[in-house]
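Below: the structure, in structure tokens.
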Amino acid sequence: MRTEKKQVHWRAHAVLIVVLVAMIYPMVWLVGASFKPENQIFSTMNPFPFAFTIANYINGWTATGNSFTVYLANSLTVSLCTVVANVASCSVAAYAFARLDFAFKRFWFAVMLGTMMLPFQATLIPQYTIFYQLNWINTFLPLVVPYLLATDAFFIFLMVQFIRGIPRELDEAAALDGAGHVRVFFSIILPLLRPALLTTTILTFIWTFNDFLRQLVYLSDHSRYTAPLGLNAFVDRASGSSYGGMLAMSVVTLVPTVAVFIVSQRRLVEGVATTGIK
Amino acid sequence: MSENSGVAVLDPPVPEEAAPPVRRKGKRHKHNLAGYGFLAPWLIGLFAFTLIPMVYSLYLSLTKFNLLTAPQWIGFDNYVRLFSDERYLQSIKVTLLYVVTSVPLKLAAALLVAVALNRGLKALGFYRATFYLPSLLGASVAVSVMWRQIFSRDGLVNQFLGLFGIQGSDWIGDPRYALWTLVLLSGWQFGTPMLIFLAGLKQLPQDLYEAAAIDGAGRFTVFFKITLPLLSPMVFFNLVLETINAFQTFTPAYVISNGLGGPIDSTLLYTLYLYLKGFGSMQMGYASAMAWVLFAVIGLFTAIYFWSARKWVNYAD
Numbered sequence: 001m002r003t004e005k006k007q008v009h010w011r012a013h014a015v016l017i018v019v020l021v022a023m024i025y026p027m028v029w030l031v032g033a034s035f036k037p038e039n040q041i042f043s044t045m046n047p048f049p050f051a052f053t054i055a056n057y058i059n060g061w062t063a064t065g066n067s068f069t070v071y072l073a074n075s076l077t078v079s080l081c082t083v084v085a086n087v088a089s090c091s092v093a094a095y096a097f098a099r100l101d102f103a104f105k106r107f108w109f110a111v112m113l114g115t116m117m118l119p120f121q122a123t124l125i126p127q128y129t130i131f132y133q134l135n136w137i138n139t140f141l142p143l144v145v146p147y148l149l150a151t152d153a154f155f156i157f158l159m160v161q162f163i164r165g166i167p168r169e170l171d172e173a174a175a176l177d178g179a180g181h182v183r184v185f186f187s188i189i190l191p192l193l194r195p196a197l198l199t200t201t202i203l204t205f206i207w208t209f210n211d212f213l214r215q216l217v218y219l220s221d222h223s224r225y226t227a228p229l230g231l232n233a234f235v236d237r238a239s240g241s242s243y244g245g246m247l248a249m250s251v252v253t254l255v256p257t258v259a260v261f262i263v264s265q266r267r268l269v270e271g272v273a274t275t276g277i278k
Numbered sequence: 279m280s281e282n283s284g285v286a287v288l289d290p291p292v293p294e295e296a297a298p299p300v301r302r303k304g305k306r307h308k309h310n311l312a313g314y315g316f317l318a319p320w321l322i323g324l325f326a327f328t329l330i331p332m333v334y335s336l337y338l339s340l341t342k343f344n345l346l347t348a349p350q351w352i353g354f355d356n357y358v359r360l361f362s363d364e365r366y367l368q369s370i371k372v373t374l375l376y377v378v379t380s381v382p383l384k385l386a387a388a389l390l391v392a393v394a395l396n397r398g399l400k401a402l403g404f405y406r407a408t409f410y411l412p413s414l415l416g417a418s419v420a421v422s423v424m425w426r427q428i429f430s431r432d433g434l435v436n437q438f439l440g441l442f443g444i445q446g447s448d449w450i451g452d453p454r455y456a457l458w459t460l461v462l463l464s465g466w467q468f469g470t471p472m473l474i475f476l477a478g479l480k481q482l483p484q485d486l487y488e489a490a491a492i493d494g495a496g497r498f499t500v501f502f503k504i505t506l507p508l509l510s511p512m513v514f515f516n517l518v519l520e521t522i523n524a525f526q527t528f529t530p531a532y533v534i535s536n537g538l539g540g541p542i543d544s545t546l547l548y549t550l551y552l553y554l555k556g557f558g559s560m561q562m563g564y565a566s567a568m569a570w571v572l573f574a575v576i577g578l579f580t581a582i583y584f585w586s587a588r589k590w591v592n593y594a595d
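Written as structure tokens, this is what we have:
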């Protein structure tokens, strides 16, 4: 029995490792290619460069209108503001749904769940015209302000589920001591909600950092470009010439997300597994 | 299996709160002021960024509007024009093909890997995290750029095929194949549904498997007669979510086709065409009509799923 089971495991590992290598090979190749001289990029499948060079990074960094320093700084600004806005607004709404009893609560809860299924294209054009009237085009405001008002219902739902797992006795005890809802929220719920807040922070950061369509629509000036837009500017002009720079800058824009992933992967995997998401 | 085990996200989550058996009935005081106080930001956002824009978009869809001059009422003209617009019909065709191939591919890959991982293997954490990474990076421009290079004429795929003496095609540049590179990209990103399946598999009652083993059931019988039916709520959940996501795919199509949907409109996914119409040629009324049709189509798919769920989703525990 035991040896049989071991054999099965051995075979399972073999299959999984083959699949795994096939899956991550493209990424390894991308990183390797970004360190190869231009003329060797497409000459071999071997991801490891024979002649190591960082020329692609140096050339790519400033090859489009502005430098990637600016693009990355813009991306970080947008992402961090979005994270703060999203965590704050969603936790407040989640507290109302999970702990407070008020008129039409079920109705609003159903509406909230419904908005999770709404395709964002449905509001893309009217939102654009509204922000256009407000003169917000080419600023970061259209990207951040909606998150101040808890428009990403997915995270409200995630936090509601989590708050339901916190024993009610804790807030009831605090209420007996005379704590109001604001106190209960800040001193009881918020500290215990930390794991969900962390999951929200990580996912919001990564999704915002990688977002493309909204940034493409709202930001038109090179000085406001984010990393995905900077990279896209490359794609537009690179047809033919500098592949090396384009691949190097692809790696650069992936670094922040992958770094966050590596630091937080355990938390992230658990979070996704227990809530079920995109 | 407990009802509210984190993953059973499909259960309507609110009701059990309203009437805890211990509390005295009838004397449930409401906290309207506090409730709406805490709800205020969300409510304002709901109206300002969702409900009002949707109504406005419905109005715009009945007008001719280019952002610079006032909308001009034209009734249902946009909707009528849609169905004689060759490119629009092409984008519908491409999108449906993309959805009905990429979603099953992704879910099948997710399920297979999840079942393979669910055997108490060592290094589970490592596998899980690595398989999940592509779907986390998924929608980004950088990954799309990478994909475009891999499938280019002298890219990685053709070099690999060359090892076996096969002359690969120019996958991105050939209208017969370009869409399939996008389908493969979507399949590559099976990590999220895999995690959900894996969480579901862990909850399955072991006694059924032991009973099946005693009866001498084979591996396939066990999978199709026990695992799959028990996992059907998760299959359903993933199916709904991934279908909605697939309809909204934009970035990879934009990047591999230089923002044009080519070659000869073979990668003109719905959202890409909507973008080109709304923000490329500033036909915002027309694009609003497109958005509403998409909304209706997604609603239809979701309704069909929920209606069919009674027949194949197993909610009994």
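In order, the protein sequence lines correspond to chains A and B. 1 is the number of the first residue of the first sequence in our numbering; add one for each residue after it. 279 is the number of the first residue of the second sequence in our numbering; add one for each residue after it. Here a beta-carbon is modelled for each residue, glycine too, at the ideal position from N, C-alpha and C.
Of the residues the options, the one placed nearest residue i, counting alpha carbons only
i, options, result
"Leu-20/A", "Ala-388/B, Leu-517/B and Asp-363/B", "Ala-388/B"
"Leu-268/A", "Tyr-132/A, Val-184/A, Val-15/A and Phe-205/A", "Phe-205/A"
"Leu-546/B", "Gly-433/B, Asp-432/B and Leu-367/B", "Leu-367/B"
"Ile-125/A", "Gly-114/A, Ile-137/A, Met-45/A and Thr-115/A", "Ile-137/A"
"Tyr-132/A", "Gly-440/B, Ser-430/B and Leu-346/B", "Leu-346/B"
"Val-333/B", "His-9/A, Tyr-218/A, Ala-122/A and His-13/A", "Ala-122/A"
"Thr-529/B", "Tyr-548/B, Ile-542/B, Ala-407/B and Val-513/B", "Tyr-548/B"
"Val-571/B", "Leu-336/B, His-309/B and Phe-438/B", "Leu-336/B"
"Ser-242/A", "Phe-261/A, Tyr-57/A and Val-83/A", "Tyr-57/A"
"Pro-191/A", "Ser-91/A, Ala-179/A, Ala-12/A and Ser-43/A", "Ser-91/A"
"Ala-12/A", "Leu-390/B, Ala-386/B, Arg-359/B and Ile-542/B", "Leu-390/B"
Interface partners of residue i on chain B, CB under 9 Å
i, result
"Gln-40/A", "By Cβ distance, chain B contributes nothing, its closest Cβ being about 12 Å from Gln-40/A, past 9 Å."
"Ser-220/A", "By Cβ distance, chain B contributes nothing, its closest Cβ being about 10 Å from Ser-220/A, past 9 Å."
DSSP state of residue i mapped onto helix, strand, coil
i, result
"Thr-341/B", "strand"
"Gln-526/B", "coil"
"Gln-561/B", "coil"
"Gly-398/B", "coil"
"Trp-136/A", "coil"
"Gln-350/B", "strand"
"Phe-35/A", "coil"
"Thr-226/A", "coil"
"Gly-180/A", "coil"
"Lys-305/B", "A caution first: Lys-305/B carries a pLDDT of 43, below 50, which makes its placement in the model too unreliable to give a value."
"Gln-467/B", "coil"
"Thr-151/A", "coil"
"His-13/A", "helix"
"Ser-447/B", "coil"
"Val-287/B", "No answer about Val-287/B holds up, because its pLDDT of 38 lies below 50 and its placement is not dependable."
"Pro-299/B", "In this prediction, Pro-299/B has a pLDDT of 45, which is less than 50 and means its spatial position is unreliable; what the coordinates show is noted afterwards. Here Pro-299/B sits in coil by DSSP."
"Gly-433/B", "coil"
Under 8 Å by beta carbon: chain A residues contacting residue i
i, result
"Ile-542/B", "Near Ile-542/B there are no residues of chain A at all, since even the closest Cβ is about 17 Å away, more than 8 Å."
"Asp-432/B", "Phe-42"
"Val-591/B", "Under the 8 Å cutoff, chain A gives no residues; its nearest Cβ is about 15 Å from Val-591/B."
"Phe-528/B", "Phe-212 and Leu-213"
For residue j and residue i, believed in contact at Cβ under 8 Å, the rounded distance
i, j, result
"Gln-467/B", "Lys-384/B", "7 Å"
"Val-435/B", "Trp-449/B", "7 Å"
"Ile-156/A", "Ala-94/A", "5 Å"
"Phe-525/B", "Val-423/B", "That belief does not hold up - the Cβ atoms of Phe-525/B and Val-423/B are roughly 23 Å apart, past 8 Å."
"Leu-482/B", "Thr-499/B", "Not really, about 15 Å apart at Cβ, beyond 8 Å."
Under 7 Å between C-beta atoms of residue i and residue j
i, j, result
"Asn-516/B", "Ile-474/B", "yes"
"Met-472/B", "Ala-394/B", "no"
"Met-560/B", "Asn-344/B", "yes"
"Ser-89/A", "Leu-149/A", "yes"
"Val-18/A", "Pro-47/A", "no"
"Ala-233/A", "Thr-77/A", "no"
"Phe-52/A", "Phe-35/A", "yes"
"Asp-171/A", "Val-160/A", "no"
"Tyr-532/B", "Ser-369/B", "no"
"Gly-437/B", "Met-45/A", "Note on identity: in this sequence residue 437/B is Gln, with Gly being the wrong assignment. Yes, the Cβ-Cβ distance between Gln-437/B and Met-45/A is below 7 Å."
"Ser-510/B", "Val-591/B", "yes"
Partners in chain A for residue i, counting only beta-carbon separations shorter than 7 Å
i, result
"Phe-438/B", "Met-45"
"Phe-525/B", "Pro-119"
"Leu-552/B", "Gln-121"
"Gly-323/B", "Pro-146, Leu-149, Ala-150 and Thr-151"
Listed by chain order, chain B residues near residue i by CB distance under 8 Å
i, result
"Thr-257/A", "Leu-414, Leu-415 and Ser-418"
"Pro-167/A", "None at all; the shortest Cβ gap to chain B is about 13 Å."
Chain-ordered neighbours of residue i on chain B, where CB pairs are closer than 7 Å
i, result
"Trp-61/A", "Result: empty, since nearest Cβ-Cβ is about 15 Å, beyond 7 Å."
"Ile-24/A", "Thr-408"
Contacts that residue i makes with chain A (C-beta to C-beta distance below 9 Å)
i, result
"Ala-567/B", "Result: empty, since nearest Cβ-Cβ is about 10 Å, beyond 9 Å."
"Val-378/B", "Chain A residues near Val-378/B: none, gap ~17 Å exceeds 9 Å."
Cβ-heavy atom distance, residue i to the ligand HEM, below 6 Å
i, result
"Leu-317/B", "Annotation note on the ligand HEM: not contained in the displayed structure, which lists no ligands."
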